[in-house]
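Asker: What follows is a structure written as C-alpha cells; I'll ask about it next.
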Ligand SMILES: Cc1ncc(COP(=O)(O)O)c(C=O)c1O
Ligand SMILES: Cc1ncc(COP(=O)(O)O)c(C=O)c1O
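Protein chains in written order, with our numbering: chain E, 1 to 466; chain W, 1001 to 1466.
Right, dumping it as C-alpha cells:
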C-alpha cells in the first residue's frame, strides 16, 4: 500500500470537484463516493443486514428498513451468500450419500481442507504446502508452539507484546509451563514507552538485538487487536533471525485485512482465525503456516492420523509416515461444516484482486479518519460535541489495516448504547475505546458517513449526562 | 443391557409364531419385525438415503428408488432432519444479526457449546460440569494427556491396546516425546493372546496389577474400532485406580452406541468424536469428560481465553481466572457450524429413552449375528456360499455395541465392490474384514435382512473368482 492521508484528501477533493459537492463531510459526497466505487458490487455477494434486525434498535432513531451500520468485521465478518448455497449442497450430499461423501462430489469431505490451501496461501502470501486449515486459532498456537518452542537452558524465552490478546497470553504461559519452565523467567512481555499506546518497531527490534540470545521464540500479533497497529512483520522477523530466534505470528486481525507475504518475509510459522475478515462465521476454522524450510524436518509435535501421509494413512499399521510441510501439523480429520464457510469466503475473494481491496481499504479507513478528526479531533474547528476522540491506531497507513480504535474523552457505556439504538454495530472496550472497522469487502462510504452521524447524535444525546 | 443371543432367538421365535412365518431367516419376518418395532419412527427423524443416490450402484441389481442398505454408522452417522432446520436458522441469524448473534437468540453463539453439556452428559453418564464439547477428537486426546500425563522417573508409562486407532497411537507417542521421554520406554501396547483377536479383560487387569506402579496413564478405547469389542470400562478403571494410575478412555465408537456411566464408573477423563453414532456429520465436534474430582485442581494444561471463567473473560487483563471442571479445558471459542449438528442430534436423542435404544440395538445386532452365522458360519447347515465368515466381535452382549466385524475366509475386495453395486454401505478393512453396524436410531430389521441377501448375492457373484 502506497496510501497516505494526503492521498486520501487529494482523492476526496477530486471527487468533491467532480460531484460539485464542496463540503468533504457532506453525506451527499459519501453517496457519490459509494456510487463511483468500482468495487461496490462486492457488497452484493454478502447478506448485508438491515438496521431493524439488530437487537435494541430504536425505530424512532433509525429506519429499520435501512442498512445496518455494520463496522464490526474485526470481530465477526458478514455472511457471504455463497456460504448458504454451499452449506445447503453439502447437507444435501450428506442426506443422499452418507459416508460416501468422504470421497465423492466436488468437495470430498476427507480432503475438503486441501481444496482451500492454495487460495488461503494466496491470501497470506504462502505456497500451498506451507498452509493447513484446521482447528481453532488458539489450538493452532498450541500446535505450533509445542513444535517450535523447544527451550534450552540458555535460550528459553518467548517474547510477546504486553497487551497480547488474552488467549495468546494464556497459550504462551501454559506452553512455557508444559515445557517445564516457569513463566516468570521465560515469558517476556514488551510494553510501549510510557504514555504511548503502541509499540515502536525500533524498540522491538532493539530489544531483540540486545536480548535475542535468550529468546527462543518471538511471537507477536500481526495486527494488535486493541490498537489496530500493524506490526512490521518483515523487519521484526529479520531481526529475530539475526539473533537465532524463531519468529511466529498470530494473524487473527491481519488475515484478509492487509497484504501478507509470509513466505517471502521468511516468517517461521503463523496462525489465524477466519471469522473476522475471513467471514466464516462464529468460531470458523483457523489456519496455520509453516515455512517451506521446515518441510521435511520431523520436529516433535502433536500428532494424529491426519499428520500421516494420505497415501498410506488408511493402512493403519500405526507406523507414522509424517506428511510434509504444514499438512504434517494437522491432527484430526477436517470438519466439513467449518470448511464450507471457508470455501464460501474464498469464492468472494476469488472475484477480486487483493491489491485493489487493500487500496479500497485505505481510502475507506482514511475517510473515516478524516471525519473522526474533523468532528471529534481535539483542536478541530468543526467539533460536533464536547466529547472528543483521539485515534490510538497509528496514522501511518503502513502500520494499520482497516480498523481504527477510537479513544473517547469520556466513558463510552452510554454512547455505545445510543449507537446501538441507531443501528450501529461496533466493538466496545471499556472504559473508553470503540473499535471501528470499515471492511473493504462489504462496507462503503455511506456506512461510514452514517456511522459518523450516529456518533454525533449519540454523543449529543449523552453529553449532558457525562 | 441384559440381552443374550438366547433372548434374541426367543424373541425371533415369538415373532415368528405371531406372524405365522416359520422360517426365522424369511425376509417376510424382517418386514414383520420392522413393522412391530415401537421405535421404528425414529428413522423418520433422519434423512435415510436411497440406494440410487450412492455411487457405483448398479440399477440392474438394486432398485435405485429403494432405501440404501446403510450399515456404516460406525464410520459416519446419517443426517437428522433437525440439523438442516437449525443450520438454516443459524445462517439466517448470521445474515440478519452479524456479531449480535453471539449473545442473542435461542442459541447465543458464544455459549452455544454450553447448551449441549447437560444432554451430552446424559448420553455419557456424567454431570454437566464434567463435560465440554470442543475441537476434534485427537485434539482432545492431546488436551487431556497434556494435562493428565505427568510422567515421573518411576511412573512414566502409558498403557494402551496394541491395535489402538492410529490417531490415538500417534497422539500418545507424540505426547510421550513432548514430555521429554522416549516411546520405547514409556509406551506399552498390550496385545491379545496368540491366535486371539480381542483382549481379555482379565489380562488387562492382570497387567495393570503387575506393572501398575510404573503406569502413569491407562488409555484405552471404550469400543475397539476394528474388533467392535466393548471393554469393561468400570473394572479396568478400578484396577488402574488400585495401582494409582489415571485412567482415560477414547469413546469414539462408544458414544451414543452403548450405555455409559463415566461419572459413576469413576473414570478420570475421556473424549469422543460425535460423527459416528452422534450423527453430526464429517469431522463433527468432539467432546471431553473430566471427572468432578478434578473440578478445582489447576493442573497445567493447554489454555486459551475460553478456559477463563465467563464472568471475567472479557475484562481481558491477561490474568487467568480458570473456569471450573471440564469447561476449564476449553481453549477456543465454539464453532457454531459444528454446534448446530450436535444440537440437531440431541433433538433426536431427546425423543427416546437410552435404555430402549440399547435394547433395540441388542436385538438388531443379535438378528444380524443370527443371520450371518446361519448363512456363513462354519458348520452351519444353511451355508449360502463357499465363502465363510467368522465374527471377530465378542458374542457376549456385554462386550460389544451395535457393530459386528465380519472376517471372511477370502479377501474382500471383490465382494466389497459387489456389495456397493447392490446399494450397501459398510466399512471395509483389507484384507478380509467388513464392519457392519445396524444403528439403533435409523436402521431396522429389513435393512439387515436385505444386507444379508446382498451379501449372499455378492459372494455368489465372486465365488468363482476367488
Ligand atoms: C478410536 C478413534 N480415535 C480417533 C479417531 C479419529 O479422530 P479425529 O476425529 O480426531 O480425526 C477415530 C475415528 O474414526 C477413532 O475411531
Ligand atoms: C489475536 C487473537 N488471538 C486469539 C483469538 C481467539 O482465538 P480463538 O479463535 O481460538 O477463540 C482472537 C479472537 O478474537 C484474537 O483476536
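Cβ atoms here follow ideal geometry from the backbone N, Cα and C, with glycine treated the same way.
Flag residue 165 of chain E as yes when its Cβ comes closer than 7 Å to any non-hydrogen atom of ligand 2, and as no otherwise.
Answerer: Under cutoff, so the answer is yes.
Asker: First and last residue of the beta strand (DSSP E) that includes residue 1094 of chain W?
Answerer: No beta strand (DSSP E) contains residue 1094 of chain W, which is instead part of the alpha helix (DSSP H) from 1081-1097.
Asker: Between E:447, E:291, E:18 and E:204, which has its C-alpha nearest residue 73 of chain E's C-alpha?
Answerer: Answer by Cα proximity: E:447.
Asker: Helix, strand or coil for residue 1289 of chain W, going by three-state DSSP, please let me know.
Answerer: Reduced to three states, the DSSP call for residue 1289 of chain W is strand.
Asker: For the alpha helix (DSSP H) that residue 449 of chain E lies in, which residues bound it at each end?
Answerer: Note, residue 449 of chain E: alpha helix (DSSP H), 445-462.
Asker: Can you confirm whether the region 1020-1034 of chain W touches the region 1435-1442 of chain W when touching is taken to mean that 3 or more C-beta pairs between the two stretches lie within less than 8 Å?
Answerer: Taking 8 Å as the limit for Cβ pairs, the verdict is that the region 1020-1034 of chain W does not touch the region 1435-1442 of chain W.
Asker: Tell me, please, whether the CB atom of residue 1078 of chain W is closer than 8 Å to any CB atom in chain E?
Answerer: Closer than 8 Å to some Cβ of chain E, the Cβ of residue 1078 of chain W qualifies, so yes.
Asker: Does the distance from the CB of residue 1158 of chain W to the CB of residue 1217 of chain W come in under 8 Å?
Answerer: Yes, they are a contact pair.
Asker: Is any heavy atom in ligand 1 found nearer than 7 Å to the beta carbon of residue 1225 of chain W?
Answerer: Under cutoff, so the answer is yes.
Asker: The region 98-110 of chain E: which residues have C-beta closer than 8 Å to a C-beta of chain W, in chain order?
Answerer: Against chain W - using a Cβ distance shorter than 8 Å - the residues of the region 98-110 of chain E are 98, 99, 100, 101, 102, 104, 109 and 110.
Asker: List the residues of chain E whose Cβ lies closer than 7 Å to the Cβ of residue 1010 of chain W, in chain order.
Answerer: Those within 7 Å of residue 1010 of chain W in chain E number zero; the least Cβ separation is about 33 Å.
Asker: Cα-Cα, which of W:1005, W:1146, W:1077 and W:1206 is closest to residue 99 of chain E?
Answerer: When each option's Cα is compared against that of residue 99 of chain E, the closest is W:1077.
Asker: What residue ranges within the region 266-340 of chain E form continuous alpha helix (DSSP H) runs of no fewer than 4 residues, ordered along the chain?
Answerer: Listed in chain order, the complete alpha helix (DSSP H) runs (minimum 4 residues) inside the region 266-340 of chain E are 310-313.
Asker: Indicate the three-state DSSP secondary structure (helix, strand or coil) for residue 1362 of chain W in the structure shown.
Answerer: Residue 1362 of chain W: helix per DSSP, three-state reduction.
Asker: In chain order, what are the residue ranges of uninterrupted beta strand (DSSP E) at least 3 long that sit wholly in the region 1085-1163 of chain W?
Answerer: Those beta strand (DSSP E) runs which fall completely within the region 1085-1163 of chain W and span 3+ residues are 1131-1133 and 1157-1161.
Asker: For residue 1123 of chain W versus residue 1256 of chain W, is the C-beta distance shorter than 8 Å?
Answerer: Result yes, Cβ atoms of residue 1123 of chain W and residue 1256 of chain W sit closer than 8 Å.
Asker: Between the region 185-217 of chain E and chain W, which residues of the former have a C-beta closer than 8 Å to a C-beta of the latter?
Answerer: So the list is empty, because no residue satisfies the distance condition.
Asker: Applying a beta-carbon distance threshold of less than 7 Å, which residues of chain W neighbour residue 96 of chain E?
Answerer: Chain W residues near residue 96 of chain E: 1049 and 1053.
Asker: Who are the neighbours of residue 177 of chain E on chain W, taking C-beta pairs under 8 Å?
Answerer: Near residue 177 of chain E (Cβ distances below 8 Å), the residues of chain W are 1300.
Asker: To the nearest angstrom, how far is the alpha carbon of residue 109 of chain E from that of residue 1282 of chain W?
Answerer: Their Cα atoms are separated by approximately 7 Å.
Asker: For residue 449 of chain E versus residue 30 of chain E, is the C-beta spacing smaller than 8 Å?
Answerer: In this structure, residue 30 of chain E lies closer than 8 Å to residue 449 of chain E by Cβ.
Asker: Have a look at the DSSP bridge pairing and note the partners of residue 1047 of chain W.
Answerer: DSSP lists W:1079 as partners of residue 1047 of chain W.
Asker: Determine, using beta carbons only, whether residue 307 of chain E comes closer than 8 Å to chain W.
Answerer: At least one chain W Cβ lies under 8 Å of residue 307 of chain E.
Asker: Kindly indicate which three-state DSSP category residue 389 of chain E falls into: helix, strand or coil?
Answerer: Looking at residue 389 of chain E - three-state DSSP - the assignment turns out to be strand.
Asker: Across the region 1364-1376 of chain W and the region 1134-1144 of chain W, are there enough close Cβ pairs to call them in contact, namely three or more that are closer than 8 Å?
Answerer: In short, these stretches do not touch, since the Cβ pair count stays below three.
Asker: Check for me: the beta strand (DSSP E) holding residue 1412 of chain W runs from which residue to which?
Answerer: Note, residue 1412 of chain W: premise wrong, no beta strand (DSSP E); not H, not E.
Asker: Please list, in chain order, the residues of the region 1108-1141 of chain W that have any C-beta partner in chain E closer than 7 Å.
Answerer: So the list reads 1109, 1135, 1136, 1137, 1138 and 1139, given in the order they occur along the chain.
Asker: By how many angstroms is the C-alpha of residue 176 of chain E removed from the C-alpha of residue 1298 of chain W?
Answerer: In a straight line, the C-alpha of residue 1298 of chain W is about 15 Å away from that of residue 176 of chain E.
Asker: So what does DSSP say about residue 372 of chain E, is it helix, strand or coil?
Answerer: Correct three-state label for residue 372 of chain E: helix.
Asker: I need the boundaries of the alpha helix (DSSP H) containing residue 32 of chain E, first residue and last residue.
Answerer: From DSSP, the alpha helix (DSSP H) with residue 32 of chain E extends over 27-36.
Asker: Determine the direct distance from the alpha carbon of residue 377 of chain E to that of residue 1293 of chain W, and round the result to whole angstroms.
Answerer: Between residue 1293 of chain W and residue 377 of chain E, the C-alpha separation is close to 56 Å.
Asker: In three-state terms, what does DSSP make of residue 1425 of chain W?
Answerer: Residue state, collapsed to three classes: strand.
Asker: Return helix, strand or coil for residue 236 of chain E, following the three-state DSSP convention.
Answerer: The answer is helix: DSSP assigns residue 236 of chain E an H, G or I state.
Asker: Give the single residue among W:1340, W:1101, W:1050 and W:1232 whose Cα lies nearest to the Cα of residue 1496 of chain W.
Answerer: Given a span of 1001 to 1466 for chain W in the structure shown, any question on residue 1496 of chain W remains unanswerable.
Asker: Is residue 1393 of chain W near ligand 1, with its Cβ less than 7 Å from a heavy atom?
Answerer: No.
Asker: Hey, out of W:1457, W:1361, W:1296 and W:1463, whose CA is closest to residue 1062 of chain W's CA?
Answerer: Residue 1062 of chain W has its Cα closest to that of W:1457, out of W:1457, W:1361, W:1296 and W:1463.
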